[in-house]
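**Student:** One structure, pasted below without further comment.
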Amino acid sequence: GNTESFGILYDKYIKKIYDFVYYKTMHKETAEDLVSDIFIKALDKINSFDAQKGSFNSWIYRIARNTVIDHYRTQKKDKNIDDVWDLSSNEDIAVDVDVRAQMEKVQEHFSKLKAEQRDIVVMRLWQGMSHKEIADVLEKNESAVKVAYSRLISQMRKEVLLLILTWIVINI
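As structure tokens, this is what we get:
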């Protein structure tokens, strides 16, 4: 029945949804809690899923995205850096510091983007979703997503180039 079918879909999507949520939260326990909420919501709403309106992939990502947005609406905006970056305690401290510094730079650049822009980049690059699937999740038209993605990638390339040039000047 529906529960068995949902189990198959759960197995197929759990890792993808977890990765998506973890990237947005950068905190293991928070991601795990939110993913549980996402799949409970999806199971509760499975009868409202309509394949005529879009794919299951788009539907579950829309639930995931909205759940993360709701989570941040209810949380404080200021976080301690230790709460945001979930790094293994057994890693070498020098590597830990370097990774943290790099992650902070990435986070800084991404924090300048609007939430929807970040979602477009994450869904396209890290989740491997098509422009059409992203458009379905965001409830936008496909051409708008293509244009936004193209502009974002162009902007990111310029910023990364500037970072590299700055690093070269500082380290020469």
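Note that the sequence shown covers residues 281 to 452 in the numbering used here. We treat Cβ as the ideally placed atom computed from N, Cα and C, and that holds for glycine. Given the structure is predicted, the values throughout are model-derived calculations rather than measurements.
1. Let me know if Ala428 comes out buried or exposed under the rule of 16 or more other beta-carbons within 10 Å of its beta-carbon.
2. So, under 8 Å CB-CB, Tyr302 and Ile340 are touching, yes? Tell me the CB distance rounded to an integer number of Å.
3. Starting from Ala459 and walking both ways along the alpha helix (DSSP H), at which residues does that stretch end?
4. If you draw a straight line from the alpha carbon of Lys426 to that of Asp416, how long is it in whole angstroms?
5. Residue range of the alpha helix (DSSP H) that Phe336 falls in?
6. Using DSSP with H/G/I as helix, E/B as strand and the rest coil, what is Ser410?
7. Does Gln332 pass the burial test, meaning 16 or more other C-beta atoms within 10 Å, or should it be called exposed?
8. Could you tell me how far apart the beta carbons of Ile343 and Ala311 are, in whole angstroms, since I believe they sit closer than 8 Å?
9. So the alpha helix (DSSP H) Gln397 belongs to, where does it begin and stop?
10. Within its chain, find whatever has a CB closer than 6 Å to the CB of Asp317; leave out the 5 residues flanking it on each side and keep chain order.
11. So what's Glu439 in DSSP terms, helix, strand or just coil?
12. Quick check: what's the CA-CA separation for Ile297 versus Ile433?
13. CB-CB under 6 Å to Glu284, same chain, minus the five flanking residues each way: which ones, in chain order?
**Tutor:** A quick look at the data gives this:
1. Along the sequence shown, read from residue 1 onward, the residue named residue 428 stands at position 148. Flag for Ala428 reads buried.
2. Residue mapping note: residue 302 aligns to position 22 of the sequence shown, counting from 1. Residue mapping note: residue 340 aligns to position 60 of the sequence shown, counting from 1. Rounded, the Cβ-Cβ distance is 16 Å, inconsistent with contact.
3. Any answer about residue 459 is impossible in this case: the structure gives the chain only from 281 up to 452.
4. Locating residue 426 in the sequence shown gives position 146, where the first residue counts as 1. Locating residue 416 in the sequence shown gives position 136, where the first residue counts as 1. Each residue's Cα considered, the two are about 13 Å apart.
5. Against the sequence shown, residue 336 aligns to sequence position 56. Looking at the DSSP string, the run of the alpha helix (DSSP H) that includes Phe336 is Phe336 to Thr354.
6. Stepping through the sequence shown from its first residue, residue 410 is reached at position 130. If DSSP states are grouped into helix, strand and coil, Ser410 belongs with coil.
7. Your numbering for residue 332 matches position 52 in the sequence shown. Gln332 should be labelled exposed.
8. Working through the sequence shown from its first residue, we reach residue 343 at position 63. Working through the sequence shown from its first residue, we reach residue 311 at position 31. Contact flag wrong, Cβ pair sits at about 15 Å.
9. Sequence index remark: in the sequence shown, residue 397 carries index 117 (1-based). Element bounds for Gln397: Ala395 to Val401.
10. For the purposes of this step, residue 317 is taken as residue 37 along the sequence shown, with counting starting at 1. Closer than 6 Å at Cβ, skipping near neighbours: Thr347.
11. Stepping through the sequence shown from its first residue, residue 439 is reached at position 159. Here Glu439 sits in helix by DSSP.
12. For the purposes of this step, residue 297 is taken as the residue at position 17 of the sequence shown. For the purposes of this step, residue 433 is taken as the residue at position 153 of the sequence shown. Cα to Cα, the separation comes out at about 23 Å.
13. For this step, residue 284 is matched to residue 4 along the sequence shown. Same-chain partners within the cutoff: there are none.
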